[in-house]
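Only one structure is covered here, and it is reproduced in the block below.
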Amino acid sequence: MEEKKRETWTVGRRKTSVARLKLTNGSGKVVVNKKDIKDYVTIGEHKVDLALKPLSVLKVLDKYDLLLNVKGGGANGQVQAMQHAIARALSLESQEFRSILKKEGMLTRDPRMVERKKYGFHKARRGTQFSKR
């Protein structure tokens, strides 16, 4: 009997990066913005492992195909957005997966954002240097 082709769509976010993911049953192929993940993520070889951490924690690296569309932010934010999207999709697959990923802290959206620059300051909090004379 042929296994039913199932697909799950999820969104992961970090800072200003947004990653949209289509998760399907497959052989472990990971495509990010129409490129292989190793060609897209070039900021360090351990960053690819960070993006795929939910799959390696659950030991299902070769069970699913991932099609990611990532935009906004920088390289680190994009990698963390990818990780969030993958974890969310896997948590929808099984309740057992959800409890493991929740324990690892991968389902929580990291709310930290860059603080906006204020009027009269150089940066968000950096004011002008005080001069006694």
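My numbering puts the first residue of the sequence shown at 10, with every later residue one more than the last. Cβ atoms here follow ideal geometry from the backbone N, Cα and C, with glycine treated the same way.
Taking the alpha carbon of G86 as the point to measure from, which residue in D58, T25 and K112 has its own alpha carbon closest?
Taking the first residue of the sequence shown as position 1, residue 86 is located at position 77. Of the listed residues, the one whose Cα sits closest to G86 is T25.
So for R110, helix, strand or coil by DSSP?
Walking along the sequence shown from the start, residue 110 turns up at place 101. Per the sequence presented here, residue 110 reads as Leu, with Arg not at that position. Looking at L110 - three-state DSSP - the assignment turns out to be helix.
Quick check on DSSP: helix, strand or coil for A28?
Locating residue 28 in the sequence shown gives position 19, where the first residue counts as 1. Note: A28 maps to strand in three-state DSSP.
On a CA-only basis, which of G83, G82 and L75 is nearest A94? Give me that one, please.
For the purposes of this step, residue 94 is identified with residue 85 of the sequence shown, where counting begins at 1. Here the closest residue by C-alpha is L75.
For the alpha helix (DSSP H) containing V88, name the first residue and the last one.
The residue given as residue 88 occupies position 79 in the sequence shown. That run of the alpha helix (DSSP H) goes A84 to E102.
Going by C-alpha distance, which of K111, R23 and R15 is nearest R143?
Outside the displayed range of the chain (10 to 142) lies residue 143, so it cannot be described from this structure.
K112: which of Y49, P63, V41 and T33 sits nearest, CA to CA?
Position 103 of the sequence shown, counted from the first residue, corresponds to residue 112. For K112, the nearest C-alpha among the options comes from P63.
Determine the closest residue to G83 out of Q138, G35, V27 and D119, with distance taken between C-alpha atoms.
Locating residue 83 in the sequence shown gives position 74, where the first residue counts as 1. Of Q138, G35, V27 and D119, the residue nearest in Cα terms is V27.
I'd like to confirm the pairing. Which residues does DSSP put opposite E16 in its beta bridges?
Working through the sequence shown from its first residue, we reach residue 16 at position 7. DSSP, once it has assigned bridges, lists T33 as partnering E16.
With a threshold of 8 Å, are at least 3 pairs of Cβ atoms found where one atom belongs to the stretch 48 to 62 and the other to the stretch 104 to 111?
Judged by Cβ distances under 8 Å, the stretch 48 to 62 makes no contact with the stretch 104 to 111, as fewer than three pairs qualify.
Closest to L30 by C-alpha separation, out of A90, R134, K132 and L116, would be which residue?
On the sequence shown, position 21 is the one that residue 30 refers to. For L30, the nearest C-alpha among the options comes from A90.
Since V39 sits in a beta bridge, which residues does DSSP pair it with?
In the sequence shown, counting from the first residue as 1, residue 39 sits at position 30. Answer by DSSP bridge pairing, in chain order: L75.
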